[in-house]
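Numbering (the numbering used here), first residue to last: 2 to 151. All C-beta atoms, glycine included, are put in the ideal place defined by N, C-alpha and C. Taking it in order: structure first as structure tokens, then the write-up.
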Amino acid sequence: MARANPHWQTTDRNVLAIFSGPHAYISPSWYEAENMVPTWNYVAVHVYGSLQIVEDHAATVEIVRDFVAFYEKSMPRPWSIFQGDAFVDKLARSVVAFRIEISRLEGKWKLNQNHPRERREKVIDALSLQRDENSQAIAALIAQSLREEG
């Protein structure tokens with residue numbers, strides 16, 4: 002978190018972090034059935050736990066370096082952080098690193114599982130025609146769930 006953000010100073014260390022996955026609007030017209038309503042399909046993970054602020058500067062630099070390395074590895078020209086770099090030192094002082102000691106994980110998803118197979122196949126077809134990455138991902142997840150059902 003940015004050090005300027007007062008959230009890191011909270012005294013309540015019980016936290017919920019939500020990691021959102023793909024999501025997409027589902028039109029009732031896609032079902033080709035009467036009395037249907039619009040909905041939203043999504044995938045998310047809820048992480049409950051205890052917030053632990055990282056006070057050590059070297060540990061903060063390491064967390065930032067690991068974060069950057071993970072997200073930069075697929076870049077054509079990955080940017081990297083070097084220990085002892087004055088810019089990185091300043092960067093690390095402007096953020097508050099934290100860890101979450103996880104007490105509970107909940108996976109949440111809504112992928113039209115309450116509809117018959119035929120309707121879900123129609124949703125897959127309609128989503129597959131959409132150009133956005135989220136619609137494509139939701140279509141693939143619904144298709145995967147149908148394959149797993151057999």
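- Comparing C-alpha distances from V96 to each of F83, V62, P79 and P117 shows the shortest one belongs to V62.
- H24 sits in a strand when the DSSP states are folded into three classes.
- Per DSSP, the beta bridge partners of Q53 are R100.
- In the three-state DSSP reduction, N135 falls in the helix class (H, G or I).
- Annotated three-state conformation of I125 is helix, per DSSP.
- Across the structure, F88 and I82 are spaced so that their CA atoms are roughly 9 angstroms apart.
- Taken in chain order, the complete alpha helix (DSSP H) segments of 4 or more residues contained in the segment 58-100 are 58-73 and 87-94.
- A Cβ-Cβ separation of about 18 angstroms leaves V65 out of contact with A18 under the 8 angstroms criterion.
- When rounded, the separation of the alpha-carbon atoms in N36 and R105 is 38 angstroms.
- With 16 or more other Cβ atoms from the protein chains shown falling within 10 Å of its own Cβ, Y32 counts as buried.
- The beta carbon of R100 lies closer than 7 angstroms to those of Q53 and V55 in the same chain, with the five residues before and after it left out.
- For the options V44, G85, D13 and Q137, the alpha carbon positioned closest to that of E107 is the one of V44.
- In summary, R121 is buried, with 16 or more beta-carbon neighbours lying within 10 Å of its beta-carbon over all protein chains present.
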